[in-house]
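From first to last, the protein sequence lines stand for chains A and B. For what it's worth, this note's numbering labels the leading residue of the first sequence as 907, then goes sequentially. For what it's worth, this note's numbering labels the leading residue of the second sequence as 81, then goes sequentially.
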Amino acid sequence: VRPKRASSEPAGADQVHGVRRWWLDLSLRAKGLIVVAVPLIVLIAVTLTNVMLAQNENHERTVSTRARTLAAAASLVLTDALNAETGVRGYAATRDPAFLTPYHMALARLGGERRSLREAAVIDGYGRQQRAADATTGKVLSELAQIRSAVGRDVPTASLLPGLLKGKAAMDLLRRRIASLANGPAALVLSQRKKISALQTRIELLNVAALVLGLLAAVAGVGLFTSGVARRVTANAENARRLGEGQPFEPGTNADDEIGRLGESLDRAQGLLSHRSTELITARDEALKATRAKNAFLSSTSHELRTPLNSILGFTQLLEMSELSDEDADSVGRILGAGRHLLALINELIDIARIESGDLSLSLEPVLVRSVIEETSELMAPIATEHSIRIIQQCAHPALAVKADRQRLSQVLVNLISNAVKYNHRDGTITISCQEEGTGQVTIVVSDTGPGISPENLERIFVPFERLGAEQTAVEGTGIGLPLARALADAMHGRLTASSVPGQGSAFTLTLPRAPDLVHVPAPDLVTAGVAPAGPHHPARAGVSVLYIEDNPANVEVVSRFLHSKPNTTLMTEASGRAGIERAARDVPDIILLDLHLPDLRGDQVLSELKTEPATAAISVVVLSADASPGVIHRLLASGALAYLTKPVELAELGELLDTFVPLRAQNQQPQPAVPNRVSMSGPGAGPFSPGADQESAKEAW
Amino acid sequence: VNHAMLYIEDNESNISLVEALLKRRPKIELHIAMTGRDGVRAAIDKQPGLILLDNRLPDATGGEVLHELASATATAAIPVVVLSSDSGAMIEELLENGAAESIAKPFDIHQFMSVIDRYLP
Chain A
907 VRPKRASSEP AGADQVHGVR RWWLDLSLRA KGLIVVAVPL IVLIAVTLTN VMLAQNENHE
967 RTVSTRARTL AAAASLVLTD ALNAETGVRG YAATRDPAFL TPYHMALARL GGERRSLREA
1027 AVIDGYGRQQ RAADATTGKV LSELAQIRSA VGRDVPTASL LPGLLKGKAA MDLLRRRIAS
1087 LANGPAALVL SQRKKISALQ TRIELLNVAA LVLGLLAAVA GVGLFTSGVA RRVTANAENA
1147 RRLGEGQPFE PGTNADDEIG RLGESLDRAQ GLLSHRSTEL ITARDEALKA TRAKNAFLSS
1207 TSHELRTPLN SILGFTQLLE MSELSDEDAD SVGRILGAGR HLLALINELI DIARIESGDL
1267 SLSLEPVLVR SVIEETSELM APIATEHSIR IIQQCAHPAL AVKADRQRLS QVLVNLISNA
1327 VKYNHRDGTI TISCQEEGTG QVTIVVSDTG PGISPENLER IFVPFERLGA EQTAVEGTGI
1387 GLPLARALAD AMHGRLTASS VPGQGSAFTL TLPRAPDLVH VPAPDLVTAG VAPAGPHHPA
1447 RAGVSVLYIE DNPANVEVVS RFLHSKPNTT LMTEASGRAG IERAARDVPD IILLDLHLPD
1507 LRGDQVLSEL KTEPATAAIS VVVLSADASP GVIHRLLASG ALAYLTKPVE LAELGELLDT
1567 FVPLRAQNQQ PQPAVPNRVS MSGPGAGPFS PGADQESAKE AW
Chain B
81 VNHAMLYIED NESNISLVEA LLKRRPKIEL HIAMTGRDGV RAAIDKQPGL ILLDNRLPDA
141 TGGEVLHELA SATATAAIPV VVLSSDSGAM IEELLENGAA ESIAKPFDIH QFMSVIDRYL
201 P
């Protein structure tokens, strides 16, 4: 018993009974055979009928032939009987024996002719007549023989008369008998001819009918069969398509043939698929729930951890600033180091949690690869030097750029370099290289000369807290630097992989999408570019001073180089919002170019602070952003921004803006001495607790 | 010149730290409130030049306190700096709700002092 179709199928989809049911449940092979058999059976029946009719016709023809033969034989007998009579009469009348010649010839032939007649009279009902006719023939011949012998004996003619009369009477009888023998078959022949012709007509009709019927049956059978099969196969194909797209099935007719079983299989596949997808959705929901719970836990835990850390770090910093013995200063330094390490760990954990929950906001824009490598190398140089490790930069391409978040890219590189320092031999080297890939991607490789990683551990290093062999060594680290670096690379649509030759070192390859080349300006030029061309020749020059608040040096370089080509324009730059606000208050530029994505403050905060501060309220602010929404732009313009420019900055647009810009100072007729400008770029991670934070200069501020 | 500062914070240790830091700014008169309710009342009473607000208080969130301060005419104009150890999204929300700026905890004392100096020079 075949399994019934899925019970989920709508009721009423299968209300098929009787012949149709029987037909549907037949196997395709049986259906095909039936379809071919119908015209075949018609053909065979027609052929058989044809054969039967032909036999019938044959029989009728034989009957007809025999009838004709009988008539012919009968007339021959009569003819020669007449010949014999004529001869005898002539002899009787003339007594001339010459008249007997036909009589003798007729006698000679009559023997055979009477035999022929006997043989021809095999048709039913003519045997008796033939025998009667034959007897009459014998009688006629005996009468003729008596007349002839009487003439030979010279009997007077008058006495021959009775014999002649008797002969005539016998002859008349023979004439009648032969006529009935000959006429009967003639009628038979006529009727046979009619029968044959009718049969022939019937055969022709049958042939035509057979042709038409056979053709019609074949065409109809094949047509119905193929259209039925095609319709059901199409329905199954449609359901297969729906299966592929995860849509519900069209209800179909079930059947026990091959197509029906195909439909059943599709039904089962759909059932299985929907079951699986339900399971998957449940599993995904659970996983999402677990991830959310984990992130919430991490977030609240990090908050709880940071609160006491605030006191630890705060008081320790206070202690550090007081007069301490060398030993105590060392202790305080260690507490601060450990506290900052703990903070770094917490921050990295939060970063990972944010990336996983999709909360990490990235500002993806073209970043000059070489400058990031230079900066991070510089930042890490002190730590590397501490371990007698040399950092070699091999990034020849000056304008190569990637699409990335500059701070996060620096964070990844700092993590990789820090890792390369930790897992390296003394006097080892770290090589940082960049390479342009043909596929629109750029790779940055950080390789070390450390002990390397065995192949089975190459993926484990990207799992949080899997610090290989850290138990045995005194290597410091959070254990999530590499996992975070990988998560950041993924978040920037890139990837981070590791390879290693144990004993020789490891290489970490960061792949990021390529951005169009950025114009690279060598550092010395940059400084010159910023120097105001204020000379004795232009004492009353109404130059335009520009403050560019931007953390991405690549963007700064582009704008700087562009402004270099414009006389009477001076540029100062700051890499953070706070520094920018302070600089603006101190140096009061004519115009401020403000990036919306800054490491410390949001662009709109910077703008509102500039606009509320009396010293800076009058300065025109042009906002630059790669991805501001129309709402944000509207709000910025409403809160006092002069213009909004998209990033990457269209230099022509910027030039136009600066050309049409009339400095406030010029309006006030109060030319001020040109400000000695300096292009200052704060490195990434120059936040409060980064290793590069300049504590000394801060101390002086107290 | 108004050199009063109100610090709304429930953590003793953090209070001690800020007290220790402000010893270096003798001009600044520091008021402490340990709940949101007390904080709002103190803000109205003392009319400080700057309010430091912890984001997690026993009786209210930073956002709720911000809302209270902003809706009372006596306090609406006082700048509020939020001290928070929470994630970026929450800080964004606080800034949207009227906080002048935020300082992440644990804070660098130099950064902390520069913020104080800016508001209470």
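Every residue gets a Cβ at the ideal spot worked out from N, C-alpha and C, and that includes glycine.
Asked                                                                                                                                            : Found
Cβ-based burial, aspartate 1496 of chain A [other Cβ within 10 Å; buried from 16]                                                                : buried
Contact residues within the stretch 99-119 of chain B, judged by C-beta distance below 8 angstroms to chain A                                    : Ala100, Leu101, Arg104
Environment of threonine 1475 of chain A [buried if 16+ CB atoms lie within 10 Å]                                                                : buried
Stretch-stretch touch, CB-based, cutoff 8 angstroms, three pairs: the stretch 954-961 of chain A with the stretch 971-991 of chain A             : no
Span separating the alpha-carbon of isoleucine 124 of chain B from that of leucine 1211 of chain A                                               : 33 angstroms
Beta-carbon spacing of proline 1214 of chain A, serine 93 of chain B below 8 angstroms                                                           : yes
Alpha carbon of alanine 1038 of chain A to alpha carbon of leucine 1122 of chain A, nearest angstrom                                             : 60 angstroms
Buried versus exposed, by CB contacts within 10 Å (16 or more), glycine 1610 of chain A                                                          : Nothing can be reported for residue 1610 of chain A, as the shown portion of chain A is limited to 907 through 1608.
At least three beta-carbon pairs within less than 8 angstroms, the stretch 1322-1336 of chain A to the stretch 1280-1288 of chain A              : yes
Neighbourhood of alanine 1056 of chain A by C-beta distance below 7 angstroms, restricted to the same chain and skipping five residues each side : Leu1066, Gly1069
Segments of 3+ residues assigned as beta strand (DSSP E) that fall wholly inside the stretch 1446-1475 of chain A                                : 1450-1455
Integer Cβ distance of proline 1272 of chain A from proline 1422 of chain A, believed to fall under 8 angstroms                                  : 7 angstroms
Residue-level contact to chain B via CB, serine 1217 of chain A, 8 angstroms cutoff                                                              : yes
Beta-carbon spacing of isoleucine 88 of chain B, aspartate 134 of chain B below 8 angstroms                                                      : yes
Threonine 852 of chain A versus alanine 1116 of chain A - alpha carbon distance                                                                  : Nothing in the structure corresponds to residue 852 of chain A, since chain A is present only between 907 and 1608.
Rounded C-alpha distance that separates valine 1538 of chain A from leucine 1469 of chain A                                                      : 28 angstroms
Arginine 1518 of chain A burial status per 10 Å Cβ neighbour count (16 or more: buried)                                                          : It is threonine, not arginine, that sits at residue 1518 of chain A in the sequence shown. With fewer than 16 Cβ atoms within 10 Å of its Cβ, threonine 1518 of chain A is classed as exposed.
Beta-carbon proximity list for phenylalanine 1567 of chain A, same chain, < 8 angstroms, skipping 5 on both sides                                : Val1450, Asp1496, Ile1497, Ser1526
Contact the stretch 1403-1420 of chain A vs the stretch 1300-1317 of chain A: 3+ CB pairs below 8 angstroms                                      : yes
Three-pair Cβ contact test at 8 angstroms for the stretch 1318-1329 of chain A versus the stretch 1385-1404 of chain A                           : yes
Residue-chain proximity (phenylalanine 1203 of chain A, chain B), Cβ-Cβ < 8 angstroms                                                            : no
C-beta neighbour in chain A for isoleucine 158 of chain B, strict 8 angstroms                                                                    : no
Beta carbon proximity, leucine 1224 of chain A to chain B, threshold 8 angstroms                                                                 : yes
Run of the beta strand (DSSP E) containing alanine 1397 of chain A, from where it starts to where it stops                                       : Not the beta strand (DSSP E): alanine 1397 of chain A falls in the alpha helix (DSSP H), residues 1387-1397.
Within 8 angstroms, strictly: CB atoms of leucine 1548 of chain A and glutamate 1559 of chain A                                                  : no
The alpha helix (DSSP H) enclosing aspartate 1257 of chain A, as first and last residue numbers                                                  : 1232-1263
Per-residue DSSP class, three states only, for leucine 1564 of chain A                                                                           : helix
Proximal chain A residues relative to aspartate 166 of chain B, where beta-carbon distance stays under 8 angstroms                               : Ser1205, His1209
Proximity winner among A:Val983, A:Arg1099, A:Leu1168, relative to arginine 1021 of chain A (alpha-carbon distances)                             : A:Val983
Length of the line joining the Cα atoms of glycine 119 of chain B and alanine 113 of chain B                                                     : 5 angstroms
Between the CA atoms of tryptophan 929 of chain A and alanine 1161 of chain A - distance to the nearest angstrom                                 : 9 angstroms
Residue environment, methionine 170 of chain B, which counts as buried when at least 16 other CB atoms sit within 10 Å                           : buried
For valine 1118 of chain A and arginine 1167 of chain A, the rounded distance between their alpha carbons                                        : 37 angstroms
Inter-stretch contact (C-beta, 8 angstroms, three-pair minimum) for the stretch 978-992 of chain A and the stretch 1075-1084 of chain A          : yes
Within chain B, the residues that phenylalanine 1221 of chain A reaches when beta carbons sit closer than 9 angstroms                            : Ser93, Ser96, Leu97, Ala100
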